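Read the structure below first, then the notes.
Residue numbers (my numbering), protein chains in the order written: chain A, 1 to 289; chain B, 290 to 578; chain C, 579 to 959; chain D, 960 to 1340.
Have a look at this one:
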């Protein structure tokens, strides 16, 4: 088993004719993802990478029974693409697009609270259930099937941690890259809840970073609601306060919250061992299983 | 018993210092309505008609345990006043104001669907449970307590029908003037549902008029879901098609729906006797009880 | 409030919806000059707020100055379904391959706006809606968020609009929705939206009706408002602020509240009479309003008797009675019999005040109507 | 993107928020003329995008031309917390009885905007928020509907603003929210909003930060954008489009993805070294970006060794390897040792391509960082 996606997930790719959209649709198909349709307004009736293209997500969902969407459209149109996917409706929207205006996502988030659809992202690498399906841009070859769930705010750091797990033979149930933007569809707690409910996830790795309060809140959630053991990693221990490091999430506010130290303490206080290096995270997972 | 309001209802009047607001607050108090507060921004701390005034509905609800609001503010501000009441929150909002822009009400209606609050109006005479409480501008003296529920799109027509009922000794459980605007908070079906669930309402009078489809839909609802007997009246039998007669509801479209005939037929088909005159309605009610 | 076609087109064009080159003319010479300016073929279109202008002879396509003059002479000054034509819009006749419909209105049943697209434009869209509802693609709009661009696209593709023009049509629909929302529209329509051979779209007609209740915050549009009443009495009703509709009978009716006035009409019919009008004087009827109402009904030559039916809620019976007395005292002789029935707030006091030398009183709605029908028959007979 | 005070005030004033009379000056003479124009007392305020200008000597109140000249001479050209002052805003000094705070920002935790009002304006509002959260009234705003007027009123009354000015303050807050929404604000603040003796309010300072991701649809504001980088390297990073932060250490770091680069920094520290910078070259790193990144890190005199850590997802290891080769071949001698670690997509191919005459390779993140720390120590020692 797994969370969010599996081999039955029927995927529609929004923005399938763009450079990234086309490349990653091919990559997803190659990985085995059940990509059943693409959507580009005005390109309905065409075929891309062997996949039929529709003008609207609604038509793709209706004609091809798609139940998940991956959004590759440019930032200016990504908010609208999310609304379109939510209205289709599909059960899961994975928004890869980076640089979506925050106010657009705030509106999408408002809508998300009214519907049953899960959304992951934006500005995220996607979701993968190794050996079954990947939705997004994660490099499939570094993953292996197994019982470790993974949730992370960061893209390449996720790959690094997965690489260390896979090296030790610690396969993954599902990896969820939630993205580092100020407003995201699925946060740590949402993902942890899904993993807690998944009988085939025996341990979870949570990769956080400086900025915001999400890791602290997730730590409390773990302490109060989770039986599945969790190991943690926090990037940005050496980041100086007040500096913006990369994406919106990675900024330390001047006050005591949002620092690596506050996050690590919160996790450890709730029984989550935190690694100093990705290698150490893998050590902790081995101990927990 | 009754629906929507009773002697426990704690009422806040929005726009209590305006001409109509003040007059009808006095009238409501005189009738016995438990008016516990008024609201006018900037007038907090004052007293009107013996009632304390607050700057916000939120403060009035908090300080005086108000659970219902009556809106008398001018049309330009009525939509915002409804949102304010919904957010306070209160359980019931009765909006008397006439001439509220339709798009404002569309936004209020959107919000209404997300909350548990009932709203009656706008452009309505209000709600009265005779002998207990009235919220609005209905002339209390013509009503008498009893077991007949009444729901009506029209103000003075309601009074006429009530007068005929009271003359016969047919008292009312509650009378709900739902208003004739294009978008209203409580429609016929909502009110009929409440009456159906009220053990002390033994019969219901429904006064409709030409225009729209609400009476037809209500007729089907009665046929399918109601055990409590209903008598009907439809105004506008002689109205020529395409003419706007008074408020927005009273216009007959050119096609077959929305006419008095289609409404009367729908009601009669669902077992609802329809009177030719208000007097005849009272006859029907006597027969039904 | 209905905008004229030329006004609506100006609003649409300002917002970026393509419209044909055009000019307004109020004289024949202006019309000919305008036609020469926009080029031939040109359309000369009567600017009256009524449907079916074409069939009624209000629209002519002209190919030359001579034809333009003939058309303008025929149309300017004509009576079109009861409306006097005092201006024409002269515009470029668009060469089209297809006619679409796009519109936005409030769906009362759902309580939210609905945007519509159809490839069956250029005809009576109500008929299409009734006979073949599937031919109109509909998108309900969340009034919180407004219309999402995907909704405009979905409506256009669902309607089966050609791929070549789909984006253009979606843009028109999006703009139309935003206009409708910004300007407090009741209805906003383009029918037909013409598709040209080179894939452009042009709004060949334009409808924009504004919510009267929102005119206070649409000062630019409120300025455009003008009386388009069918006759002098309706013009007078507008002036007095009454809801008034003239009908064919001889029993004049004055009352308060639309439902009660309609019921009074129905009762007149029920008791064998024929209503002459619908006149709602509204709530809080003061003496001046009562005077104005009587003035209006007396001015209608068809009226043989008047029933005056007031049920007081806000309206106080004693004030109404005083108004009636004051109004009638101005007349040397009362021109038509007036039957008054007052009920509700202070009605007893009112009935006592009424000058029964001038009016006949009745206790109930039914008896008041019966008395008026009888009185009208007597006068008429 | 942060607007300067004078830019934000112009935006606020255009929207109807009262601001003091003012003029921008870039020379001492202009400043004196501006002060004479707005009248004395006047404030001469350094226009740099940093907090605490007053305490740092960047704001002077002047009473005469002589004082204005002295203040302008002192402030123009000064170095204020690392920023060069090249312009001052000269404005009417407002006589106030009270200082309020109003602000709008995005509450990340709730995913929706929040509007705030406090009677504790004129001071560090973050400190108020931390020490006395109840002193700030907050209204979360539904981004579908936008801020309802009642919410502005409620925030103002809940904050305890005096009745006399409550309406004015609510108007400012409503306008501020609408500006924030229309202009894709990240933060919009007025602190202090001064209350004058006659019950007027004036925005004595103005903060407006724009969401960088939305600048594409804010062309007027994007035009205002100017580099306010602290030093040449950060300016260069902006030019190249890198996320770059200069730090105090001697191990240069280049990587892809904020989380991984931060982790690389953390590991440098973990293994006893000191990071010289944060440099994220982002996804899809082509040869040119690799060249630019190396150029930047080599240009930092503090750097003694470089660790280049790429984990390929979208980024392909072979392309990165070629980029590194191309970049390094341009140098006659490689100025600092470079340790490269490639993983993920096409990393094996990449490692094979790498010119090991020019760079040192490492198999894992840990060994790469350890090698760089060691190399830096050797150079430094």
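Just so it is clear, CB atoms sit at the ideal spot from N, CA and C, and this is done for glycine as well.
None of these values were measured; they are calculated from a predicted model.
Beta carbon proximity, residue 1107(D) to chain B, threshold 8 Å: So yes, residue 1107(D) belongs to the interface.
Whether residue 57(A) touches residue 16(A) by CB criterion (8 Å): Contact: no.
Straight-line gap, residue 248(A) to residue 1169(D) (C-alpha atoms, nearest Å): Below a pLDDT of 50, predicted positions are generally treated as unreliable, and residue 248(A), at 48, falls in that range; no measurement from the model is reported.
Every unbroken alpha helix (DSSP H) inside the segment 1194-1271 of chain D [4 residues or more]: As far as the segment 1194-1271 of chain D is concerned, its whole alpha helix (DSSP H) runs of at least 4 residues are 1217-1229 and 1246-1257.
Cα-Cα separation between residue 823(C) and residue 856(C), rounded to whole angstroms: Taking the CA atoms as reference points, residue 823(C) sits about 5 Å from residue 856(C).
Where the alpha helix (DSSP H) containing residue 225(A) begins and where it ends: Start and end: 214-225.
Minimum C-alpha distance to residue 148(A) - residue among 154(A), 155(A) and 128(A): With respect to the C-alpha of residue 148(A), the residue from 154(A), 155(A) and 128(A) having the closest C-alpha is 128(A).
Closer than 8 Å to chain B by CB, residue 835(C): The beta-carbon of residue 835(C) is placed less than 8 Å from the nearest beta-carbon of chain B.
Proximity winner among 1299(D), 1268(D) and 1318(D), relative to residue 1290(D) (alpha-carbon distances): Taking only the C-alpha atoms, the option nearest residue 1290(D) is 1318(D).
Status (buried if at least 16 other CB within 10 Å, exposed otherwise) for residue 470(B): Label assigned to residue 470(B): buried.
Neighbour flag for residue 443(B) against chain C, beta carbons, 8 Å: So, interface residue.
Closest by C-alpha distance to residue 1260(D), when choosing among 1298(D), 1197(D) and 1339(D): Comparing Cα-Cα distances from residue 1260(D) to each of 1298(D), 1197(D) and 1339(D), the minimum goes to 1339(D).
Beta-bridge partners of residue 233(A), as assigned by DSSP: Partner residues in the beta bridge of residue 233(A), as assigned by DSSP, are 207(A).
Residue 662(C) vs residue 688(C) beta-carbon contact at 8 Å: At a Cβ-Cβ threshold of 8 Å, residue 662(C) and residue 688(C) do not count as neighbours.
8 Å Cβ cutoff met for residue 587(C) and residue 800(C): By the CB criterion at 8 Å, residue 587(C) and residue 800(C) fall outside the cutoff.
Residue 745(C) (DSSP reduced to helix, strand or coil): Helix, per DSSP.
Spatial neighbours of residue 1155(D) in its chain, beta-carbon cut-off 7 Å, leaving aside the 5 residues before and after: Excluding five sequence positions before and after residue 1155(D), the CB atoms of its chain that fall closer than 7 Å to its own CB belong to 1053, 1054, 1055, 1056 and 1161, given in chain order.
The alpha helix (DSSP H) enclosing residue 1004(D), as first and last residue numbers: From DSSP, residue 1004(D) is part of no alpha helix (DSSP H) but of the beta strand (DSSP E) over 1001-1005.
Run of the alpha helix (DSSP H) containing residue 61(A), from where it starts to where it stops: Segment 57-64, the alpha helix (DSSP H) holding residue 61(A).
Distance CB(residue 485(B))-CB(residue 555(B)) smaller than 8 Å: In this structure, residue 555(B) does not lie closer than 8 Å to residue 485(B) by Cβ.
Selection of the segment 1099-1127 of chain D by Cβ proximity to chain B, strictly under 7 Å: If the cut-off is 7 Å between Cβ atoms, the segment 1099-1127 of chain D has 1104, 1107, 1108, 1109, 1112, 1113, 1116, 1122, 1125 and 1126 near chain B.
Interface partners of residue 47(A) on chain C, CB under 7 Å: Under the 7 Å cutoff, chain C gives no residues; its nearest Cβ is about 15 Å from residue 47(A).
Segment contact flag, the segment 908-926 of chain C with the segment 448-461 of chain B, C-beta cutoff 8 Å, min 3 pairs: The way I'd put it, the segment 908-926 of chain C does touch the segment 448-461 of chain B; three or more beta-carbon pairs between them come closer than 8 Å.
Backbone CA spacing between residue 864(C) and residue 313(B) [nearest angstrom]: The alpha-carbon atoms of residue 864(C) and residue 313(B) are separated by roughly 18 Å.
Buried or exposed (CB count within 10 angstroms, at least 16 for buried), residue 289(A): It is exposed - the Cβ of residue 289(A) has fewer than 16 other Cβ atoms within 10 Å.
Residue 1186(D) versus residue 962(D): straight-line alpha-carbon distance, rounded: Low local confidence applies: a pLDDT of 46 at residue 1186(D) is under 50, so the model's placement there is unreliable, and no value is given.
Neighbouring residues, chain B, relative to residue 847(C) (Cβ below 8 Å): Residues of chain B passing the Cβ test: 526 and 527.
Ordered list of alpha helix (DSSP H) runs contained in the segment 57-133 of chain A, each at least 4 residues: Annotation: the segment 57-133 of chain A contains the following complete segments of the alpha helix (DSSP H) (minimum length 4 residues), in chain order: 57-64, 75-87 and 102-112.
Burial state of residue 514(B), where buried means 16 or more other Cβ atoms lie within 10 Å: Flag for residue 514(B) reads exposed.
Where residue 1091(D) sits in the DSSP three-state scheme: Looking at residue 1091(D) - three-state DSSP - the assignment turns out to be coil, as it is neither helix nor strand.
Same chain only: Cβ atoms within 6 Å of residue 508(B), ignoring 5 sequence neighbours per side: If we look at residue 508(B) and ignore the five residues flanking it on each side, its Cβ neighbours are 555, 556 and 559.
Inter-residue CB distance, residue 1220(D) and residue 1211(D) (contact presumed, cutoff 8 Å): Rounded, the Cβ-Cβ distance is 12 Å, inconsistent with contact.
For residue 336(B): DSSP bridge partner residues: Residue 336(B) is bridged to 341(B).
Length of the line joining the Cα atoms of residue 646(C) and residue 591(C): Roughly 25 Å separates the two Cα atoms.
Beta bridge counterpart(s) of residue 1180(D) as assigned by DSSP: Under DSSP, residue 1180(D) takes part in no beta bridge, so it has no partner.
Any chain C beta carbon closer than 8 Å to residue 378(B): Cβ-Cβ to chain C under 8 Å: no for residue 378(B).
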